[in-house]
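Comments concern the structure below.
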């Protein structure tokens, strides 16, 4: 197979993967790439053998026009670099927690609005949800029920 690649050309993919944890104290020792090589097209393929490029050079000598067609074979490399690097940041943590709480509150407000305005049992829900107390109607507290 390598003989076909050298003669007819080929397409080779090089994948470089990085996985780094920047919180570690040993970043220099742990943060190294891994390489993977894939042969995407070789010179032995019947339908499309190898990588080739054709170009024509046109010129004239003594009034006679000539054309030289050249076909070049070669290797084409596709380089794909992927990486994942992380580092803990307290600000991002609190932003994520705050936005999560905000979404929960917005969801509660929307549900409350739907129940109070559109639900078929809205009057019953409103009655159960809110109770009104008047100070002059409440019982007087004695010393045993007093809240400190």
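Numbering (this note's numbering), first residue to last: 515 to 662. Every residue gets a Cβ at the ideal spot worked out from N, C-alpha and C, and that includes glycine.
| Asked | Found |
| --- | --- |
| Per DSSP, what kind of secondary structure is residue 641 in: helix, strand or coil? | helix |
| Put residue 591 into one of helix, strand or coil per three-state DSSP. | strand |
| Quick check on DSSP: helix, strand or coil for residue 569? | strand |
| Would the region 620 to 627 and the region 590 to 607 be scored as touching if the rule is three or more Cβ pairs under 8 Å? | no |
| Would you give the residue range spanned by the alpha helix (DSSP H) that residue 602 belongs to? | Here residue 602 belongs to no alpha helix (DSSP H), and DSSP marks it neither H nor E. |
| Out of 639, 644, 594, 589, which one is the CA nearest neighbour of residue 529? | 594 |
| Following the continuous alpha helix (DSSP H) through residue 522, name the residue where it begins and the one where it ends. | 516 to 522 |
| Applying the criterion that 16 or more other CB atoms from any shown protein chain within 10 Å of the CB defines a buried residue, is residue 524 buried or exposed? | buried |
| When you compare only the Cα positions, how much space is there between residue 542 and residue 610? | 30 Å |
| Among 544, 591, 585, 605, which residue has its Cα nearest to the Cα of residue 550? | 591 |
| Verify whether the separation of the beta carbon atoms of residue 481 and residue 640 is less than 8 Å. | With the chain running from 515 to 662 in the structure shown, residue 481 is simply not present. |
| If you compare alpha carbons, which of 634, 636, 635, 555 is closest to residue 565? | 555 |
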